[in-house]
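Chemist: The sequence shown runs 158 to 402 under this note's numbering. We put the beta carbon where it would ideally sit given N, CA and C, even for glycine. Quick one: this structure, given as structure tokens, is what I'll be asking you about.
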Amino acid sequence: MASGAGKSWASITSQNLTKQDNNTAAKPTPIPAYPTITKISATPRTTKRSPSPSHVPRIQSKDEDVYILTLATDLRHHEAMTALRDQYFPKKLNKLAAHLTLFHALPGSLLESNIIPHLEAVAARREQFEVHAAKPFRMKHGFAISVPKSEGGAAAQNVHAELQRKWADDGFLSEQDQGGCRVHYTIMNKVDDDAEVAKAFEEVSKGWKGDWGVVEGLSLWRYERGWWKFQRKFEFGKGIADGSA
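Now the structure itself:
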């Protein structure tokens with residue numbers, strides 16, 4: 158299993174989840190090649206959809222910021238998964254790098270009084286763990302890469318459950334965030350042409366050999382018109398590291 162690069166993960170996330178610094182130092186392990194995979198120009202859906210009520214925090218006001226919480230992995234693994242996503246996600250809709258989401262809609266009004274203190278406390282007593290982006294699986298409008306329970310999925314669920322217990326009692330979680338957690342990497346989505354999805358899924362299923370990474374902590378993002386703006390990284394066992402949006 159490859160280790161993370163020497164460069165700080167936060168140094169790229171502070172420039173959004175979407176853009177990576179191309180002028181980086183050489184990495185100890187190269188991003189894996191996918192010789193059997195070719196680029197597909199996926200056709201994105203043309204209709205816009207409003208957010209489902211189940212995806213909205215219970216106390217959200219019209220102008221309130223919404224935050225997303227993800228697992229923060231080592232840089233090499235992060236870049237490897239982003240390279241795969243960039244090949245298949247519709248280019249015009251791909252505003253994000255690859256990510257493992259724990260919570261989709263945390264209310265900004267409770268950020269300082271509730272959410273950040275709880276994240277600091279949970280991260281401080283957690284240890285890093287490995288994750289394996291293992292097997293592709295189909296979704297309605299694309300496909301994703303699973304993280305099996307025995308290869309980091311269960312550890313991610315434990316972190317999610319510890320955070321969720323308190324926040325569920327506080328009553329602000331969206332219906333979606335009150336549910337379970339099965340972390341995965343979305344590689345293609347929002348493609349209505351089933352033939353295109355099937356072709357891409359077949360290519361990746363044949364060529365994908367898996368990729369291991371290390372979960373170093375948690376990352377908090379502010380949602381902004383489809384973009385995710387990096388706010389802070391909460392390192393496991395090390396407290397908190399600040400970032401700028």
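For N315, count the other beta carbons within 10 Å of its own beta carbon; 16 or more makes it buried, fewer makes it exposed. Which is it?
Modeler: exposed
Chemist: Determine the closest residue to E405 out of N346, R339 and R233, with distance taken between C-alpha atoms.
Modeler: No information on residue 405 is available, as it lies outside the stretch 158 to 402 that the chain covers here.
Chemist: For the beta strand (DSSP E) holding W365, just list the boundary residues, first then last.
Modeler: Run containing W365: none; DSSP gives neither H nor E here.
Chemist: In angstroms, rounded to a whole number, what distance separates the CA positions of C338 and H317?
Modeler: 7 Å
Chemist: Identify, in the order they occur along the chain, each residue of the same chain with its Cβ nearer than 6 Å to the Cβ of W408, setting aside the five sequence neighbours on each side.
Modeler: Nothing in the structure corresponds to residue 408, since the chain is present only between 158 and 402.
Chemist: If contact is defined by three or more beta carbon pairs under 8 Å, each pair taking one atom from either stretch, is the region 267 to 284 in contact with the region 347 to 366?
Modeler: Result no; under three Cβ-Cβ pairs closer than 8 Å.
Chemist: Pairing CB atoms from the region 250 to 257 with CB atoms from the region 342 to 353, are three or more of them under 8 Å?
Modeler: yes
Chemist: Across which residues does DSSP place F329 in a beta bridge pair?
Modeler: Answer is none; F329 lacks a bridge partner.
Chemist: Is A312 near F286, with beta carbons less than 8 Å apart?
Modeler: yes
Chemist: Per DSSP, which one or two residues make a beta bridge with T239?
Modeler: DSSP lists no partner for T239.
Chemist: Between the alpha carbons of G328 and L320, how many angstroms are there, rounded?
Modeler: The alpha-carbon atoms of G328 and L320 are separated by roughly 13 Å.
Chemist: Could you check the C-alpha separation between A279 and E392 for me, to the nearest Å?
Modeler: As written in the sequence, residue 279 is Val, which differs from the Ala given in the question. When rounded, the separation of the alpha-carbon atoms in V279 and E392 is 10 Å.
Chemist: So the beta strand (DSSP E) V288 belongs to, where does it begin and stop?
Modeler: F286 to A290
Chemist: Would you report the Cα separation of K347 and V304, rounded to the nearest angstrom?
Modeler: 21 Å
Chemist: Among F300, L268, L226 and S266, which one has its Cα closest to the Cα of D350?
Modeler: That would be F300, whose Cα lies nearest to the Cα of D350.
Chemist: Please determine, among T227, W384 and E221, the residue with the shortest C-alpha to C-alpha distance to H261.
Modeler: T227
Chemist: Look up E392 in the DSSP assignment and say whether it is helix, strand or coil.
Modeler: strand
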